[in-house]
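Step one of this worksheet: look at the structure below.
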Amino acid sequence: MNLVTGSATVAYYGLYIYHPIGGYPHVVLPPSTIESNVFAAGPHYWSARFVCQTYGGHPSLSMSLQLCSRGVSVKASWELSVIDPRCRSLLPTKLYGTPPLYFEESVNMSWDLDYVFLSDQCFWYVDGDSGRLVLLITVTVFPDDDDPETTTIGKQIDDVPPSDMLDQFGEIFETREGADVTFSVDGELFPAHKIVLAMRSRVFKAQLYGEMKESVAGAAQPIEISAMTADTFRALLRYIYTDASPASSIVDQQDEEEDGSHGNTTKVWELLTAADRYSVERLKLICERILCKRIDVDNVADTLGLADRHHCGTLKDACIDFMTTSSRMDQVKKTQGFLQLKHSHPLLLVEVLEKSSKF
Numbered sequence: 393m394n395l396v397t398g399s400a401t402v403a404y405y406g407l408y409i410y411h412p413i414g415g416y417p418h419v420v421l422p423p424s425t426i427e428s429n430v431f432a433a434g435p436h437y438w439s440a441r442f443v444c445q446t447y448g449g450h451p452s453l454s455m456s457l458q459l460c461s462r463g464v465s466v467k468a469s470w471e472l473s474v475i476d477p478r479c480r481s482l483l484p485t486k487l488y489g490t491p492p493l494y495f496e497e498s499v500n501m502s503w504d505l506d507y508v509f510l511s512d513q514c515f516w517y518v519d520g521d522s523g524r525l526v527l528l529i530t531v532t533v534f535p536d537d538d539d540p541e542t543t544t545i546g547k548q549i550d551d552v553p554p555s556d557m558l559d560q561f562g563e564i565f566e567t568r569e570g571a572d573v574t575f576s577v578d579g580e581l582f583p584a585h586k587i588v589l590a591m592r593s594r595v596f597k598a599q600l601y602g603e604m605k606e607s608v609a610g611a612a613q614p615i616e617i618s619a620m621t622a623d624t625f626r627a628l629l630r631y632i633y634t635d636a637s638p639a640s641s642i643v644d645q646q647d648e649e650e651d652g653s654h655g656n657t658t659k660v661w662e663l664l665t666a667a668d669r670y671s672v673e674r675l676k677l678i679c680e681r682i683l684c685k686r687i688d689v690d691n692v693a694d695t696l697g698l699a700d701r702h703h704c705g706t707l708k709d710a711c712i713d714f715m716t717t718s719s720r721m722d723q724v725k726k727t728q729g730f731l732q733l734k735h736s737h738p739l740l741l742v743e744v745l746e747k748s749s750k751f
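Residue numbering for the sequence shown follows this note's numbering, beginning at 393 and increasing consecutively.
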């Protein structure tokens with residue numbers, strides 16, 4: 393059996409050791425949500441999220457794992473370990489694991505973790521100076537078979553026709569039938585459906601139904617969207633409804649490889665910013681992946697600043713790698729983007745300095 397593995401690390405900050413009187417010391421995790429970078433296990437891409445929160449005074453911890461690759465069903469298992477953030481002599485300790493499961497695109501599978509067990513096990517792995525704890529998530533991909541003992545969560549029957557749900561959502565996006573909210577962007581009106589936006593974006597959900605509801609205009613008045621172009625908002629809405637990247641904003645990967653076109657990089661920047669603003673994570677990852685392929689001498693500094701502002705770890709690493717390995721760094725240092733980055737984000741260049749002696 394040929395198994396393929398992939399892994400990613402996530403770091404918690406702000407942890408501290410609690411020493412109760414007459415009891416054993418243990419780790420206290422502050423309420424937070426931590427996401428891993430997208431990582432590969434075999435030909436497939438994955439992302440993990442950890443949520444620590446408190447209900448009724450009792451802390452709880454959960455982990456979700458999502459298959460980011462499109463149009464596939466993958467048999468895989470996962471393990472969660474804690475590793476030494478200071479690279480001392482402590483070996484990784486396995487905390488949790490699962491048997492093989494079937495994962496499908498956009499099915500966000502989650503598990504409740506034993507907070508007390510993790511708190512006890514992680515005691516020796518917390519960096520006391522920074523309050524940092526590093527977790528390692530490892531995914532193992534199995535070859536697909538008909539093993540009856542495998543847990544087949546969400547496995548589809550072969551003779552079921554493909555879903556036409558996205559086509560139907562695309563139709564109501566075009567016709568705006570039943571729209572119950574209107575947005576005004578750069579002088580253009582965009583009718584939309586509250587429930588669709590809320591399902592796809594937790595920011596829209598809070599704005600239209602939750603804590604931010606009172607701060608927006610009533611149903612009879614358009615909701616003003618500032619600092620965004622109409623084309624970008626239209627592309628964002630189209631993706632929310634159809635899960636498809638509009639050709640006017642993003643060049644298809646195959647087309648990009650065939651004709652060498654980089655399309656309009658500025659539009660991709662704007663769409664990434666919009667996706668981050670409204671927490672449309674998969675669209676953000678699509679934009680991030682495209683921008684990684686479009687890095688050049690003229691835009692690497694601007695792209696590095698963009699990646700840092702919007703917490704795009706993969707894009708940020710790609711920019712730093714380009715800057716530390718490129719033979720044209722003298723040209724990079726002359727660009728306006730580099731000069732602006734040097735004055736506005738000097739600490740960001742420290743990360744480049746740590747990997748290179750070119751500056």
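Cβ coordinates follow ideal geometry from the N, Cα and C atoms, glycine included.
This one's a predicted model, so the numbers in the text were calculated from it and none came from an experiment.
>> Could you tell me which whole beta strand (DSSP E) segments of length 3 or greater appear in the segment 686–736?
In response: The qualifying runs do not exist here; there are none.
> What first and last residue would you give for the beta strand (DSSP E) that runs through G398?
Replying inline: Looking up residue 398 in the sequence shown gives position 6. Counting along the chain, the unbroken beta strand (DSSP E) around G398 starts and ends at 396–404.
> How would you label D668, buried or exposed, when you count the other beta carbons within 10 angstroms and need 16 or more for buried?
Replying inline: Stepping through the sequence shown from its first residue, residue 668 is reached at position 276. It is buried - the Cβ of D668 has at least 16 other Cβ atoms within 10 Å.
> Looking only at its own chain, which residues have a Cβ that is under 8 Å from the Cβ of R720, when we skip the five neighbours before and after it?
Replying inline: Counting from 1 along the sequence shown, the entry for residue 720 is found at position 328. Answer for R720: V689, listed in chain order.
>> Please report the straight-line C-alpha distance between E497 and S452, rounded to a whole angstrom.
In response: In the sequence shown, the residue the question calls residue 497 occupies position 105. In the sequence shown, the residue the question calls residue 452 occupies position 60. So the two alpha carbons sit approximately 27 Å from each other.
> L696: buried (16+ other C-beta within 10 angstroms of its C-beta) or exposed?
Replying inline: Here the question's residue 696 lines up with position 304 in the sequence shown. L696 sits buried, since 16 or more C-beta atoms from the chains shown fall within 10 Å of its C-beta.
>> Let's test the definition: count the other Cβ atoms within 10 Å of the Cβ of L457 and tell me whether it reaches 16, buried, or not, exposed.
In response: Locating residue 457 in the sequence shown gives position 65, where the first residue counts as 1. Looking at its Cβ environment, which holds 16 or more other Cβ atoms inside 10 Å, L457 is buried.
>> According to DSSP, simplified to helix, strand and coil, what is Q458?
In response: Numbered from 1 along the sequence shown, position 66 holds the residue referred to as residue 458. Looking at Q458 - three-state DSSP - the assignment turns out to be strand.
> What span of residues does the alpha helix (DSSP H) with E497 cover, start to end?
Replying inline: Here residue 497 refers to the residue found at position 105 when the sequence shown is read from its first residue. Neither: E497 is in no alpha helix (DSSP H) and is coded neither H nor E.
> Could you give the residue range of the beta strand (DSSP E) that holds E662?
Replying inline: Numbered from its first residue, the sequence shown carries residue 662 at position 270. If you look at E662, you'll find it isn't in any beta strand (DSSP E); it sits in the alpha helix (DSSP H) that goes 657–669.
>> Does the structure place the segment 419–438 close enough to the segment 456–475 that three or more beta carbon pairs sit under 8 Å?
In response: By the Cβ criterion, the segment 456–475 is in contact with the segment 419–438, since at least three pairs of Cβ atoms, one from each stretch, lie closer than 8 Å.
> How about the segment 628–638 and the segment 702–713: do they share at least three Cβ pairs that are nearer than 8 Å?
Replying inline: Proximity of the segment 628–638 to the segment 702–713 falls short of the contact definition, fewer than three beta-carbon pairs being nearer than 8 Å.
> Exposed or buried, what is L733 when buried is set at 16 or more other beta-carbons lying within 10 Å of its beta-carbon?
Replying inline: Numbered from its first residue, the sequence shown carries residue 733 at position 341. Flag for L733 reads buried.
>> Checking the sheet assignment: what are the DSSP bridge partners for K486?
In response: Within the sequence shown, numbered from 1, the residue matching residue 486 stands at position 94. DSSP lists S473 as partners of K486.
>> Let's test the definition: count the other Cβ atoms within 10 Å of the Cβ of H455 and tell me whether it reaches 16, buried, or not, exposed.
In response: Here residue 455 is taken as the residue at index 63 of the sequence shown, counted from 1. According to the sequence as given, residue 455 is Met; it is not His. Buried, since its Cβ has 16 or more Cβ neighbours within 10 Å.
> Alpha carbon to alpha carbon, what distance is there between L698 and L745?
Replying inline: In the sequence shown, counting from the first residue as 1, residue 745 sits at position 353. In the sequence shown, counting from the first residue as 1, residue 698 sits at position 306. So the alpha carbons of these two residues sit roughly 19 Å apart.
>> Can you tell me whether Q560 is helix, strand or coil according to DSSP?
In response: As a working mapping, residue 560 is identified with position 168 in the sequence shown. Judged by DSSP in its simplified three-state form, Q560 adopts helix.
> So, are the CB atoms of A590 and M620 less than 8 Å apart?
Replying inline: Along the sequence shown, read from residue 1 onward, the residue named residue 590 stands at position 198. Along the sequence shown, read from residue 1 onward, the residue named residue 620 stands at position 228. No, they are not a contact pair.
>> I need the straight-line Cα distance from L740 to L525, nearest angstrom please.
In response: If you number the sequence shown from 1, residue 740 lands on position 348. If you number the sequence shown from 1, residue 525 lands on position 133. So the two alpha carbons sit approximately 23 Å from each other.
> Out of E566, I678, A432, N500, which has the shortest C-alpha to C-alpha gap to V533?
Replying inline: Residue 533 sits at position 141 when you count from the first residue of the sequence shown. Answer by Cα proximity: A432.
> Can you list, in chain order, the residues of its chain whose CB lies under 7 Å from that of L487, leaving out five sequence neighbours each side?
Replying inline: By 1-based counting over the sequence shown, the position of residue 487 is 95. Excluding residues within five positions, the ones whose Cβ falls inside 7 Å are L472, S473, V474, L510, Q513.
> Roughly how many angstroms separate the alpha carbons of T624 and D709, rounded to a whole number?
Replying inline: Looking up residue 624 in the sequence shown gives position 232. Looking up residue 709 in the sequence shown gives position 317. Answer to the nearest angstrom: the Cα atoms are 26 Å apart.
> Are P423 and C444 touching if we call contact CB-CB under 8 Å?
Replying inline: Against the sequence shown, residue 423 aligns to sequence position 31. Against the sequence shown, residue 444 aligns to sequence position 52. The Cβ-Cβ distance between P423 and C444 falls below 8 Å.
>> Taking its Cβ as the centre, do 16 or more other Cβ atoms sit within 10 Å of M557, making it buried, or is it exposed?
In response: Walking along the sequence shown from the start, residue 557 turns up at place 165. M557 should be labelled exposed.
> From the DSSP output, which residues share a beta bridge with I426?
Replying inline: Here residue 426 is taken as the residue at index 34 of the sequence shown, counted from 1. Per DSSP, F442.
>> Quick check: what's the CA-CA separation for L459 versus D559?
In response: The count along the sequence shown starts at 1 and reaches residue 459 at position 67. The count along the sequence shown starts at 1 and reaches residue 559 at position 167. Each residue's Cα considered, the two are about 22 Å apart.
> How should P540 be labelled, buried or exposed, when 16 other C-beta atoms within 10 angstroms of its C-beta is the threshold for buried?
Replying inline: The sequence position of residue 540 within the sequence shown is 148, counting from 1. With a pLDDT of only 44 at P540, under 50, the local geometry of the prediction cannot be trusted, and the value read off the model is given with reservation. So P540 counts as exposed.
> Closer than 8 Å, CB to CB, is K726 near chain B or not?
Replying inline: You won't find chain B in this structure, because it holds only one protein chain.
> In terms of residue numbering, what span does the alpha helix (DSSP H) encompassing L745 cover?
Replying inline: What you label residue 745 is simply residue 353 of the sequence shown in a count that begins at 1. Unbroken alpha helix (DSSP H) run through L745: 738–747.
> Should G434 be labelled buried (16 or more other beta-carbon atoms within 10 Å of its own) or exposed?
Replying inline: The count along the sequence shown starts at 1 and reaches residue 434 at position 42. Result: buried.
> Exposed or buried, Y601, counting other C-beta atoms within 10 Å across all chains shown (16 or more means buried)?
Replying inline: By 1-based counting over the sequence shown, the position of residue 601 is 209. The residue in question, Y601, is exposed, as its Cβ has fewer than 16 Cβ neighbours within 10 Å.
> Near E680, which residues of its chain fall below 7 Å by C-beta distance, leaving aside the five closest residues on each side in sequence?
Replying inline: For the purposes of this step, residue 680 is taken as residue 288 along the sequence shown, with counting starting at 1. So the list reads L664, C704, T706, L707, once near-sequence residues are dropped.
> Does DSSP classify E673 as helix, strand or coil?
Replying inline: What you label residue 673 is simply residue 281 of the sequence shown in a count that begins at 1. Note: E673 maps to helix in three-state DSSP.
> What beta strand (DSSP E) runs, 3 residues minimum, are completely inside the segment 565–595?
Replying inline: Runs found: 573–577, 580–584.
> With DSSP run on the structure shown, which of helix, strand or coil describes F534?
Replying inline: Here residue 534 refers to the residue found at position 142 when the sequence shown is read from its first residue. Shown here, F534 sits in a strand according to DSSP, grouped into three states.
> Between the beta-carbon of N394 and the beta-carbon of P535, is there less than 8 Å?
Replying inline: Along the sequence shown, one-based indexing puts residue 394 at 2. Along the sequence shown, one-based indexing puts residue 535 at 143. In contact: N394 and P535 (Cβ atoms closer than 8 Å).
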